[in-house]
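*Asks:* This structure is in C-alpha cells; I'll ask about it shortly.
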Amino acid sequence: MTQTLIVMVKEPRAGRIKTRLGREIGMVAAAWWFRHQVRRLLRRIEDPRWQVVLAVSPDRAGLQSRVWPPPLARWPQGRGDLGARMARALRRAPAGPACVIGADIPDITRARISAAFSALGDHDAVFGPAFDGGYWLVGLKHPRVQPPAFLQGVRWSCEHALEDSIATLEGYCIAHAATLRDVDTAADLK
Numbered sequence: 004m005t006q007t008l009i010v011m012v013k014e015p016r017a018g019r020i021k022t023r024l025g026r027e028i029g030m031v032a033a034a035w036w037f038r039h040q041v042r043r044l045l046r047r048i049e050d051p052r053w054q055v056v057l058a059v060s061p062d063r064a065g066l067q068s069r070v071w072p073p074p075l076a077r078w079p080q081g082r083g084d085l086g087a088r089m090a091r092a093l094r095r096a097p098a099g100p101a102c103v104i105g106a107d108i109p110d111i112t113r114a115r116i117s118a119a120f121s122a123l124g125d126h127d128a129v130f131g132p133a134f135d136g137g138y139w140l141v142g143l144k145h146p147r148v149q150p151p152a153f154l155q156g157v158r159w160s161c162e163h164a165l166e167d168s169i170a171t172l173e174g175y176c177i178a179h180a181a182t183l184r185d186v187d188t189a190a191d192l193k
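Residue 11 in the working numbering sits at position 8 of the sequence shown; the count goes up by one each step and never skips.
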C-alpha cells in the first residue's frame with residue numbers, strides 16, 4: 004500500500020505567511036525564512052517509501068506557483084479552518100496510511116517520518132506533538148475513513164490543539180511520535 008506524506012504549505016508572500024514571526028523580524032524576512040525552510044524540508048523528507056504531496060494555499064495560486072518543485076503533486080487545501088483542510092487532505096490520499104505535516108518545523112527528518120508511519124502499523128492514528136501544545140504531524144492508518152467530527156471544534160494556535168484533536172478520535176488507538184518545535188516567533192528560530 005502507498006504511504007502518503009502531505010505537506011501543508013502556503014505561498015510565501017510577505018504579510019500572508021508566518022505573520023506572528025513577521026511582527027518580530029519583518030514580514031519579508033518571515034516569508035523568506037518560510038520559503039527556504041520548505042525547500043530544505045522537502046529535500047530532507049524525499050524518500051521512496053512514501054509519496055510526497057503538497058497541500059497548497061491559496062488554492063489557485065498554489066497550484067500554479069513556481070516556488071515549489073514542479074515534480075511534486077499538489078492538491079488545493081480548500082476552505083475551512085486548519086482541521087477541515089487537514090481532514091480533507093487525508094481523505095484525498097490513496098489507499099494506505101497517510102500523514103500530514105506542517106512545513107515550519109526544522110527538525111523533521113526521514114527517520115521521524117518513518118517512525119510515524121511505522122507507528123501506524125499497530126495504531127489507528129499518530130500525532131507528533133509540538134512543545135507549545137500543538138502538533139507537527141497527524142496520521143491515520145485508514146485516512147479515507149474518518150469519524151464525523153475528526154478535527155472539528157479544535158482550539159487552534161494554542162496549548163489545547165493536540166488535546167482537542169485527540170478527543171476527536173474517540174475509540175482510536177493513538178501513538179505519539181517525537182516532540183518537535185515549530186517556528187512561530189523569533190525565539191523559536193534559535
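Quick reminder that beta carbons are idealized off the backbone N, C-alpha and C, glycines included.
First and last residue of the alpha helix (DSSP H) that includes residue 22?
*Replies:* Here residue 22 is taken as the residue at index 19 of the sequence shown, counted from 1. Residue 22 -> alpha helix (DSSP H) spans 22-28.
*Asks:* Roughly how many angstroms lie between the CA atoms of residue 103 and residue 79, to the nearest whole one?
*Replies:* As a working mapping, residue 103 is identified with position 100 in the sequence shown. As a working mapping, residue 79 is identified with position 76 in the sequence shown. When rounded, the distance between both Cα atoms is 14 Å.
*Asks:* Please return the same chain residues whose Cβ sits closer than 8 Å to the Cβ of residue 153, not counting the five positions on each side in sequence.
*Replies:* For the purposes of this step, residue 153 is identified with residue 150 of the sequence shown, where counting begins at 1. Excluding positions up to five away in sequence, the list reads 86, 90, 171 and 172.
*Asks:* Please state if the CB of residue 34 and the CB of residue 20 are separated by a distance shorter than 9 Å.
*Replies:* The count along the sequence shown starts at 1 and reaches residue 20 at position 17. The count along the sequence shown starts at 1 and reaches residue 34 at position 31. Yes, the Cβ-Cβ distance between residue 20 and residue 34 is below 9 Å.
*Asks:* Give me the Cα-Cα distance between residue 125 and residue 141, rounded to the nearest whole angstrom.
*Replies:* On the sequence shown, position 122 is the one that residue 125 refers to. On the sequence shown, position 138 is the one that residue 141 refers to. If you take the alpha carbons of residue 125 and residue 141, they lie about 15 Å apart.
*Asks:* Which term fits residue 105, buried or exposed, when burial requires 16 or more other beta carbons within 10 angstroms of its beta carbon?
*Replies:* On the sequence shown, position 102 is the one that residue 105 refers to. By the 10 Å Cβ count, residue 105 comes out buried.
*Asks:* So, is residue 66 buried or exposed, given that buried needs 16 or more other C-beta atoms within 10 angstroms?
*Replies:* Taking the first residue of the sequence shown as position 1, residue 66 is located at position 63. Burial call: exposed.
*Asks:* What residue range does the alpha helix (DSSP H) around residue 117 cover?
*Replies:* Locating residue 117 in the sequence shown gives position 114, counting from the first residue. Note, residue 117: alpha helix (DSSP H), 113-122.
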